[in-house]
Structure formats: structure tokens, C-alpha cells
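For my numbering, count along the sequence shown from 1 and bump the result up by 203.
From the three backbone atoms N, C-alpha and C, an ideal C-beta is built for every residue, glycine too.
Fair warning: this is a prediction, and the values are worked out from it, not measured in the lab.
Below you'll find the structure, written out as C-alpha cells, and then a few comments.
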Amino acid sequence: MERMERRRIVIVGATSGIGREVAMELLRQGWHVGVAGRRVERLREIEALAPARVKHRQMDVTREDAPEQLHGLVEELGGMDVFLLCAGIGRQNPTLQADVELGTAQTNVDGFIRMVDAAYDYFRRRGGGHIGVISSIAGTKGLGAAPAYSATKRFQNTYIDALAQLARMQRLAICFTDIRPGFVDTDLLRGDKRYPMLMNPARVAARIVRALGRRERVCVIDGRYRLLVFLWRLIPRWVWERMPVRN
Numbered sequence: 204m205e206r207m208e209r210r211r212i213v214i215v216g217a218t219s220g221i222g223r224e225v226a227m228e229l230l231r232q233g234w235h236v237g238v239a240g241r242r243v244e245r246l247r248e249i250e251a252l253a254p255a256r257v258k259h260r261q262m263d264v265t266r267e268d269a270p271e272q273l274h275g276l277v278e279e280l281g282g283m284d285v286f287l288l289c290a291g292i293g294r295q296n297p298t299l300q301a302d303v304e305l306g307t308a309q310t311n312v313d314g315f316i317r318m319v320d321a322a323y324d325y326f327r328r329r330g331g332g333h334i335g336v337i338s339s340i341a342g343t344k345g346l347g348a349a350p351a352y353s354a355t356k357r358f359q360n361t362y363i364d365a366l367a368q369l370a371r372m373q374r375l376a377i378c379f380t381d382i383r384p385g386f387v388d389t390d391l392l393r394g395d396k397r398y399p400m401l402m403n404p405a406r407v408a409a410r411i412v413r414a415l416g417r418r419e420r421v422c423v424i425d426g427r428y429r430l431l432v433f434l435w436r437l438i439p440r441w442v443w444e445r446m447p448v449r450n
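As C-alpha cells, then:
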């Protein structure tokens with residue numbers, strides 16, 4: 204596997220799932236890694252694996268002090284070359300429970316803006332950098348079983364598009380990678396629902412690391428989901444809205 208030029212990364216949402224797997228992969232490659240998330244005991248477990256190369260900070264992206272915590276972590280790490288936002292939530296919610304829909308938006312929209320803007324501001328002042336985010340193929344179409352989740356993922360796709368244009372307008376050397384996985388076998392999807400084509404988190408993490416190393420603008424994981432997204436985009440709206448979906 205090719206190695207990336209940049210050597211210091213901060214991963215927000217590193218306590219489990221994709222974020223944790225990416226952190227582990229980068230540690231194996233010799234990176235200095237800052238890990239952040241809500242469950243501090245999970246962060247300490249990662250730091251214990253390589254105390255000289257890992258710093259941790261407890262952080263909740265829905266709190267207003269999250270950017271301050273990010274900057275503190277970056278300072279402890281000695282700088283940041285790549286920022287990767289993995290924090291996100293989502294549930295199927297065909298009954299439209301308000302707490303689920305609004306909670307999803309709070310994390311995936313409010314928290315997303317808060318953290319991505321903080322990273323953008325850091326790289327603007329530094330003179331350049333790389334921002335990566337984990338969005339989803341769910342942003343391709345509105346999924347009736349998960350309205351807030353699919354809508355917030357579309358928002359994330361569009362927000363990164365806008366920031367990429369803004370960086371060009373401001374002549375900033377900031378690059379962006381929008382990572383759009385399909386269903387990954389993590390805690391987020393474990394419950395009373397069954398999902399097709401589940402992917403192994405470690406393999407997904409390896410693909411993410413490669414995408415960051417190549418500075419890919421958009422990365423859909425994996426080949427099956429690239430085909431699925433291509434087909435979804437061909438379906439007219441009037442057909443999509445009449446398609447039966449099992450919850």
C-alpha cells in the first residue's frame with residue numbers, strides 16, 4: 204500500500220467503526236494521530252498502543268466548545284496536515300420520530316458544519332491542508348426509510364462542494380475528499396434491521412487511507428456501490444417515488 208506524504212492527522216469520531224479502523228491503519232503506517240470522540244476510554248485504548256504518536260481529546264461535535272477542543276488537540280499533536288471527520292449518526296425512521304430526525308440533523312448538519320469550518324479555518328491560517336469527510340451513498344437519493352439521514356448526507360456532499368469552490372476563490376491550497384461508503388458492518392448498523400452487501404470495516408479503512416493518499420475528490424466504496432449509485436442516478440424521480448422499499 205502506498206504511503207501518504209503528510210504525516211499528522213486528526214480523526215474526529217475515532218472511538219469505533221470506520222474512524223477507529225482508519226486510526227489503526229495509519230498508526231501501522233507510522234503516522235502521528237490525534238483521535239477525538241465522546242468515549243474517552245476508547246480513545247485511551249488507542250493512545251496506549253503508541254503513546255509517542257497518539258494524542259486524544261474527548262469531544263462532542265454537537266457542543267459549541269468542539270472547535271476549541273479540536274484546536275487544543277492539534278496543538279498537542281504539534282500540527283495537523285489532514286483532518287478527517289467520521290462522526291455521524293443515522294437510523295431508519297419511517298414513523299418520523301421527531302427526536303430521531305432532529306438528533307440526526309444536529310450531529311450530521313450542525314456538528315458537521317462546526318467541525319469542517321474549524322478545520323477549514325485552521326488550514327486557511329496555516330496556508331493549506333487536506334479535509335476528508337465520511338458521508339454516504341445515501342446522499343444520492345432520498346431514502347424513504349431514513350429521511351433525515353439521506354438528506355443530511357446530501358447536505359454534506361453539497362457543503363464540501365461549496366467549500367472546495369470557496370478555497371479556489373480564496374486561492375487556498377486546501378484539498379477535499381468526500382468519502383461515500385455503502386453499508387459498513389459497524390455498530391451504527393447493528394440492531395433490528397438487516398442490511399445487504401455489508402463491508403468489512405478494516406477493508407473500508409484501507410480504501411479510505413488510499414483515497415486520502417491520492418487526494419481523491421470523491422471516493423465511493425466499493426465497486427458494487429459505485430454501480431448501485433450509477434443506477435440510482437438513472438432512475439427518474441417519478442419511478443423512484445413509487446419504488447417499494449422494505450424497512
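When the Cα atoms are used, residue 335 and residue 291 turn out to be separated by approximately 14 Å. A residue is called buried once 16 or more other Cβ atoms fall within 10 Å of its Cβ, and residue 234 is buried on that count.
With contacts defined by Cβ atoms closer than 9 Å, residue 314 and residue 265 form a contacting pair. Less than 9 Å separates the beta-carbon of residue 221 from that of residue 289.
Residue burial is scored here from C-beta neighbours: residue 445 has fewer than 16 other C-beta atoms within 10 angstroms and is therefore classed as exposed.
The C-beta distance from residue 217 to residue 251 rounds to 14 Å, too long to fall under 8 Å, and the pair is not in contact. Close CB contacts of residue 408 within its chain, under the 8 Å cut and outside five residues either way in sequence, are with 221, 224, 225, 227, 228 (chain order).
With a cut-off of 8 Å on Cβ pairs, the region 293-305 is in contact with the region 343-362, counting three or more such pairs. Residue 287 is positioned such that its CB atom lies no closer than 9 Å to that of residue 259. Here DSSP, grouped into helix, strand and coil, assigns residue 243 to helix. If you ignore the 5 residues before and after residue 256, its C-beta comes within less than 6 Å of the C-beta of 235, all in its own chain and listed in chain order. Around residue 423, the same chain offers 340, 383, 429, 432 as residues with beta carbons nearer than 7 Å, after the five sequence neighbours per side are excluded. Assignment of beta strand (DSSP E) within the region 351-437, counting only whole runs of 3 or more residues, yields 376-384, 421-424 in chain order. In this structure, the straight-line span from the alpha carbon of residue 244 to that of residue 410 is close to 27 Å.
Counting every other CB atom within 10 Å of its CB across the protein chains shown gives residue 365 a total below 16, marking it as exposed. Under DSSP, residue 211 shares a beta bridge with 235. Residue 300 has its alpha-carbon roughly 42 Å from the corresponding atom of residue 376.
Here residue 368 is exposed: its Cβ has fewer than 16 other Cβ atoms, across all protein chains shown, within 10 Å. Sorting 425, 304, 357 by C-alpha distance to the C-alpha of residue 401 places 425 at the top.
For residue 346, no alpha helix (DSSP H) encloses it, and the DSSP letter there is neither H nor E.
The C-beta separation of residue 333 from residue 388 comes to about 27 Å, leaving the pair out of contact by the 8 Å criterion. Within the model, the alpha-carbon separation for residue 403 versus residue 413 is close to 16 Å. Pairing residue 358 with residue 279, the inter-Cα distance amounts to about 32 Å.
For residue 288, no alpha helix (DSSP H) segment is defined; the enclosing uninterrupted segment is the beta strand (DSSP E) at 285-288. In this structure, DSSP gives residue 337 an extended state, which the three-state scheme calls strand.
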